[in-house]
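**Q**
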Amino acid sequence: MHNLYIPVVLILLSIAALFGYEYMADSHVDDDIQQAISAALGTPSQMTLLDLREVNTGYGVCGSYRLASGQDEVAPFFYSKVDDNAELDAESRRYRMNCGE
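Structure, rendered in structure tokens:
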């Protein structure tokens, strides 16, 4: 009976490690998006991300952002997880192809 415990424990540890990694990876995406938008704007602005949705099988994120400088204006963006680049021009080909707007 004790020979059964080792495989069960290993399987449970593997599952916990996999889901733990996915959780940790997803929790840093918002920070990466904010840094990419700040770099594209050329300013270290604080912002709020709104309406995030994954596109391209998880390789990109579409959404909008609002700067924390008191403006009510919301602007769209596309973020590529592949090259950590934010596209802020809603009329650009890259934005339209990925976000469909």
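Residue 82 is where the sequence shown starts when you use this note's numbering, and the numbers rise one by one after that. The beta-carbon is built from N, C-alpha and C at its ideal position, and this holds for glycine as well. A quick note: this is a predicted structure, and the numbers were derived from the prediction, not measured.
#1: Give every residue of the same chain whose Cβ lies closer than 6 Å to the Cβ of A167, excluding the five residues on either side of it in the sequence, and list them in chain order.
#2: Can you find the residues in the same chain that come closer than 6 Å, C-beta to C-beta, to Q127, ignoring five residues on each side of it along the sequence?
#3: Quick one: complete alpha helix (DSSP H) runs, 4+ long, within the segment 140-174?
#4: Taking Cβ positions, are S145 and D164 nearer each other than 7 Å?
#5: Starting from T129, trace the beta strand (DSSP E) in both directions and tell me its first and last residue.
#6: Can you tell me which of the three DSSP states P88 falls into?
**A** If we stick to the structure as given:
#1: Within the sequence shown, the letter at position 86 stands for residue 167. The residues are A117, I118, A121, F158 and Y160.
#2: Position 46 of the sequence shown, counted from the first residue, corresponds to residue 127. Contacts found: A149.
#3: none
#4: By 1-based counting over the sequence shown, the position of residue 145 is 64. By 1-based counting over the sequence shown, the position of residue 164 is 83. No, the pair does not count as a contact, with Cβ atoms beyond the cut-off.
#5: In the sequence shown, counting from the first residue as 1, residue 129 sits at position 48. If you look at T129, you'll find it in the beta strand (DSSP E) that goes M128 to V136.
#6: As a first step, residue 88 must be located in the sequence shown, where it is residue number 7. P88 falls in the helix class under three-state DSSP.
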